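Trainee: Protein chains in written order, with the working numbering: chain U, 1 to 114; chain D, 1001 to 1115. Just so it is clear, CB atoms sit at the ideal spot from N, CA and C, and this is done for glycine as well. Bear in mind the structure is a predicted one, so any value in this text is a computation, not a measurement.
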């Protein structure tokens, strides 16, 4: 069974803290994505990566950075968390070799910044 | 640039009613892929269907059916005899790139099926 896992389902942090959200996939996918989901705004792409150590900005990269040191792992970093980063964060992976680039999603991390 | 519109923000139906969720897309590519995902209250997006731009054949899977019409750039999703378990947010999505990087989601439609 294909799997995308995220390190936490729920996370509470304080303003100014450095926050790491981890995502791991076991499907040998080249592409990995980080989205945030807010009511009424749908899914917005923060960053994506199409290969190890490669990254591209999405629609809303400000305040975020990412790291992809290994193919299976894609980390989202909030250098200094702010209250407007309270959101649901979804990780996904896909491959151009399979499934017409269908994205497979993790369960999401609901982050609250106080 | 590609775009996906789901004009219905929220829909409420009573169990056993049929319901159609609309999806309209924009793309300049001739090769593209369309998807529907379901997001139940648990939060995880679940893949429902994909279609490539060369396959306009409609599809039925149980109570679910999809109507793809290139002439109107629409990819609508119908649930027949809706059930409470169908309550979720449904997202339509479009992928232009062969490498899967240009993947755009619509804003989603929240469906509530009332008993």
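1. Tell me, which residues are paired with residue 109 of chain U by DSSP?
2. Residue 111 of chain U touches chain D at which residues, Cβ-Cβ below 7 Å?
3. Measuring alpha carbon to alpha carbon, tell me which residue in D/1006, D/1112, D/1019, D/1016 is nearest residue 1035 of chain D.
4. Using a Cβ-Cβ cut-off of less than 9 Å, list which residues of the region 79-92 of chain U approach chain D; keep chain order.
5. Mind pulling the chain U residues with CB within less than 8 Å of residue 1107 of chain D?
6. Considering Cα atoms alone, identify which of D/1040, D/1087, D/1069 is closest to residue 1055 of chain D.
7. Specify the secondary structure class of residue 51 of chain U as computed by DSSP and reduced to three states.
8. Residue 41 of chain U: buried (16+ other C-beta within 10 angstroms of its C-beta) or exposed?
9. Sort out for me which residues DSSP pairs residue 38 of chain U with in a bridge.
10. Here's a check: name, in chain order, each residue in its chain whose Cβ is nearer than 6 Å to the Cβ of residue 1067 of chain D, leaving out the five neighbours to either side.
11. Using 8 Å as the threshold, is the region 71-78 of chain U in touch with the region 1007-1019 of chain D, meaning 3 or more CB pairs across them?
12. Is the region 28-40 of chain U close to the region 86-99 of chain U, with three or more CB pairs under 8 Å?
13. Using a Cβ-Cβ distance cut-off of 7 Å, determine whether residue 61 of chain U contacts chain D.
14. Could one say the Cβ of residue 1077 of chain D lies closer than 7 Å to chain U's Cβ atoms, at least one of them?
15. Among D/1043, D/1091, D/1078, which has the Cα closest to the Cα of residue 988 of chain D?
16. Which whole-angstrom value is the C-beta distance of residue 13 of chain U and residue 113 of chain U, which I expect to be below 8 Å?
17. Who does residue 1064 of chain D pair with in a DSSP beta bridge?
Mentor: Based on what the coordinates show:
1. Taking the first chain and counting its residues from 1, one reaches residue 109 of chain U at position 109. U/89.
2. The residue given as residue 111 of chain U occupies position 111 in the first chain. In chain order: nothing, as chain D lies at least about 13 Å away.
3. Working through the second chain from its first residue, we reach residue 1035 of chain D at position 35. For the residues D/1006, D/1112, D/1019, D/1016, the minimum Cα distance to residue 1035 of chain D belongs to D/1006.
4. Per Cβ criterion, the list reads 88, 90, 92.
5. Numbered from 1 along the second chain, position 107 holds the residue referred to as residue 1107 of chain D. In chain order, 40, 41, 42 make up the part of chain U whose C-beta sits under 8 Å from the C-beta of residue 1107 of chain D.
6. Locating residue 1055 of chain D in the second chain gives position 55, counting from the first residue. Closest option to residue 1055 of chain D, Cα to Cα, is D/1069.
7. Stepping through the first chain from its first residue, residue 51 of chain U is reached at position 51. In this structure, residue 51 of chain U counts as coil in the three-state DSSP scheme.
8. As a first step, residue 41 of chain U is located in the first chain; it is residue number 41 there, counting from the start. Burial call: exposed.
9. Taking the first residue of the first chain as 1, we reach residue 38 of chain U at position 38. Partner(s): U/42.
10. Indexing the second chain from 1 puts residue 1067 of chain D at position 67. Counting only Cβ-Cβ distances below 6 Å, and skipping sequence neighbours, we find 1058, 1076.
11. With the cut-off at 8 Å, the region 71-78 of chain U and the region 1007-1019 of chain D do not touch.
12. Contact holds: three or more Cβ-Cβ distances are below 8 Å.
13. Counted from its first residue, the first chain places residue 61 of chain U at position 61. It does not; no Cβ of chain D falls within 7 Å.
14. In the second chain, residue 1077 of chain D corresponds to position 77, counting from 1. So no, residue 1077 of chain D is outside the interface.
15. There is simply no residue 988 of chain D to check, as chain D begins at 1001 and stops at 1115 in what is shown.
16. Translated into the one-based positions of the first chain, residue 13 of chain U becomes position 13. Translated into the one-based positions of the first chain, residue 113 of chain U becomes position 113. About 5 Å separates the two Cβ atoms, so the contact holds.
17. Within the second chain, residue 1064 of chain D is the residue found at index 64, counting from 1. The bridge partners DSSP lists for residue 1064 of chain D are D/1061, D/1079.
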